[in-house]
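Notes follow once the structure below has been shown.
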Amino acid sequence: MTMFERLQKPFLTVETGEAYQPIRLTYNVKQKDKLADALNSIKCLENTGVSHWNWYWSDECADLHFESLDSFKRKTDQPSRLGTITIMNGCLYLNLPSFKRACLAVPFFHRIIHPSVAVVNKADFINKVFGLSERLPHGFTELFNDAELDKIVNQRVSDYEKVQEQCELAKTANEALHILANYTKAETEKRLPYAERYSFEHSNLAEPDVAFLGFYIFLRGRELVAIRRWFGETGYTLSDAAEESMEQVFGGMDIDIIE
Amino acid sequence: MSGSRDELSDVRQTLLGFTEGITKTLENTKSNLDDKLKQLAYLQQQLGKLSMLGVSDQIGVDLKEKLASALDKTITEANHANKQLKEEKLNTLSKVVNDVESNIKKPGSR
Numbered sequence: 001m002t003m004f005e006r007l008q009k010p011f012l013t014v015e016t017g018e019a020y021q022p023i024r025l026t027y028n029v030k031q032k033d034k035l036a037d038a039l040n041s042i043k044c045l046e047n048t049g050v051s052h053w054n055w056y057w058s059d060e061c062a063d064l065h066f067e068s069l070d071s072f073k074r075k076t077d078q079p080s081r082l083g084t085i086t087i088m089n090g091c092l093y094l095n096l097p098s099f100k101r102a103c104l105a106v107p108f109f110h111r112i113i114h115p116s117v118a119v120v121n122k123a124d125f126i127n128k129v130f131g132l133s134e135r136l137p138h139g140f141t142e143l144f145n146d147a148e149l150d151k152i153v154n155q156r157v158s159d160y161e162k163v164q165e166q167c168e169l170a171k172t173a174n175e176a177l178h179i180l181a182n183y184t185k186a187e188t189e190k191r192l193p194y195a196e197r198y199s200f201e202h203s204n205l206a207e208p209d210v211a212f213l214g215f216y217i218f219l220r221g222r223e224l225v226a227i228r229r230w231f232g233e234t235g236y237t238l239s240d241a242a243e244e245s246m247e248q249v250f251g252g253m254d255i256d257i258i259e
Numbered sequence: 001m002s003g004s005r006d007e008l009s010d011v012r013q014t015l016l017g018f019t020e021g022i023t024k025t026l027e028n029t030k031s032n033l034d035d036k037l038k039q040l041a042y043l044q045q046q047l048g049k050l051s052m053l054g055v056s057d058q059i060g061v062d063l064k065e066k067l068a069s070a071l072d073k074t075i076t077e078a079n080h081a082n083k084q085l086k087e088e089k090l091n092t093l094s095k096v097v098n099d100v101e102s103n104i105k106k107p108g109s110r
């Protein structure tokens, strides 16, 4: 697809209006029997086969709010299917078609499935949006290479740990900030990989909506990059997404950040 | 009498000096505060970038919520623009279909 065609073409969206971007959440199952019982007791889940459920926008999750489109009309007798759940090889997989749904799913399921039964471990996703007539990936196995995704996460964490160490050894706070700023600039300006992974870290201290805000920012920053690039801003990076969003935050406080 | 006028003038000068001094100190303090605020905002921006990179989660909850809401707002605007684009495409397509249909219905048309 040429850039000129892209500029005129809308991207594929899901029913609730946000961009179609497949994402798979993986939970470590700690008590399989209790998990199946818990899933069967949730009204917004429908058991559709052995170890398989559909997740609907109804009952316990009827209050979830998608800002994506104001005009979306919900049919109470025919609730939208938000995602699917499969239990396989000691893991629970929650497959979703958009980042927003994943952001809402994580705190929602954290509240209703006790962490001693199953706990969210990682999210694998695609850093692009799709055209209306573009070939869509068949299933997640085609998309994600476990070893490759792990390698990207480990490399990033290892690079950051080195920077952290350099900051600790810096003689002044300014020097530390300079090191940090160089690192964030270089990393956020890199082109994002086609497929990527987010690894969850758990803390029992915060309320779920707050605890998973880091995931929210991580994912939606990438969604913004994918959308902007679709509409022709081919040089748009995470750095731009961060600066644009921060400008909104600090602009409201009349603070002009000069680098 | 003139002595007391001189004294008054001295007092006024001293007061003016004080006022100037205080004004200068306040200006310096404000400028320092502005600098500190900018530095803080810059640091928060770096932490925001780290948060987007997924390597560190050290920004405050308040800023995280504001950042998440700013992202929501921008993406929602893009979603609306996308929807509008879709509708325009659909309208163009309907127009083409209508034109074709009306040409077919014209007597004598093939």
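So the sequence lines, in the order shown, correspond to chains S and P.
Residue 34 in this note's numbering sits at position 34 of the first sequence, with consecutive numbering throughout.
Residue 8 in this note's numbering sits at position 8 of the second sequence, with consecutive numbering throughout.
The beta carbon of each residue, even a glycine, is placed where N, CA and C say it ideally should be.
From what residue to what residue does the beta strand (DSSP E) around residue i run?
i, result
"Leu45 (chain S)", "Leu45 to Gly49"
"His52 (chain S)", "His52 to Tyr56"
Given a cut-off of 9 Å, decide if residue j and residue i are closer than it, judged by their beta-carbon atoms.
i, j, result
"Asn79 (chain P)", "Thr13 (chain S)", "yes"
"Cys217 (chain S)", "Met52 (chain P)", "Checking the sequence shown, residue 217 (chain S) turns out to be Ile, not Cys. Yes, Cβ-Cβ distance for Ile217 (chain S) and Met52 (chain P) is below 9 Å."
"Tyr198 (chain S)", "Lys128 (chain S)", "no"
"Ile85 (chain S)", "Trp55 (chain S)", "yes"
"Leu149 (chain S)", "Asp124 (chain S)", "yes"
"Ile75 (chain P)", "Ile227 (chain S)", "yes"
"Val163 (chain S)", "Ile179 (chain S)", "yes"
"Ala105 (chain S)", "Gly83 (chain S)", "yes"
"Thr184 (chain S)", "Gln84 (chain P)", "no"
"Leu177 (chain S)", "Tyr42 (chain P)", "yes"
"Asn82 (chain P)", "Ala19 (chain S)", "yes"
"Gly214 (chain S)", "Asp62 (chain P)", "no"
"Ile87 (chain S)", "Ile42 (chain S)", "no"
"Gln44 (chain P)", "Met246 (chain S)", "yes"
"Leu67 (chain P)", "Gly48 (chain P)", "yes"
"Lys32 (chain S)", "Gly90 (chain S)", "yes"
"His202 (chain S)", "Ala211 (chain S)", "yes"
"Ala70 (chain P)", "Gln248 (chain S)", "yes"
"Gly17 (chain S)", "Phe66 (chain S)", "yes"
"Pro115 (chain S)", "Asp209 (chain S)", "no"
"Val55 (chain P)", "Val50 (chain S)", "no"
"Phe144 (chain S)", "Glu223 (chain S)", "no"
By the DSSP assignment, the alpha helix (DSSP H) with residue i in it spans what residues?
i, result
"Thr92 (chain P)", "Val61 to Lys105"
"Gln248 (chain S)", "Leu238 to Gly251"
Tell me which residues share the same chain as residue i and place their Cβ nearer than 6 Å to its Cβ, disregarding the 5 neighbours each side in the sequence.
i, result
"Ser80 (chain S)", "Glu15 and Trp57"
"Leu39 (chain S)", "Leu45 and Trp53"
"Leu132 (chain S)", "Leu12"
"Leu64 (chain S)", "Leu104"
"Glu261 (chain S)", "Absent from the structure is residue 261 (chain S), since the part of chain S shown begins at 1 and ends at 259."
"Arg5 (chain P)", "none"
With DSSP as the reference, please indicate the residues paired to residue i in a beta bridge.
i, result
"Val29 (chain S)", "S:Ala118"
"Thr13 (chain S)", "S:Ala19"
"Gly131 (chain S)", "S:Phe11"
"Arg24 (chain S)", "S:Asn95 and S:Asp124"
Please list, in chain order, all residues of the same chain as residue i whose beta carbon is under 8 Å from its beta carbon, the five residues on each side excluded.
i, result
"Thr76 (chain S)", "Ser58"
"Asp159 (chain S)", "Tyr183 and Glu187"
"Val225 (chain S)", "Asn127, Leu192, Tyr236, Thr237, Leu238, Asp240 and Ala241"
"His110 (chain S)", "Val120, Pro208, Ala211 and Phe212"
"Val100 (chain P)", "none"
Within the same chain, show all residues whose beta-carbon is closer than 7 Å to that of residue i, passing over the 5 residues directly before and after it, in chain order.
i, result
"Leu92 (chain S)", "Tyr27, Val29, Leu35, Ile85 and Ala118"
"Ala102 (chain S)", "Ile23, Leu25, Leu96, Ala123 and Leu219"
"Gln155 (chain S)", "none"
"Leu136 (chain S)", "Phe130"
Complete runs of the alpha helix (DSSP H) confined to the region 74-129 of chain S [at least 4 residues]: For the region 74-129 of chain S, whole alpha helix (DSSP H) runs of length 4 or above, ordered along the chain, are 99-112.
Complete beta strand (DSSP E) runs within the region 142-223 of chain S (minimum length 3 residues, chain order): 195-199
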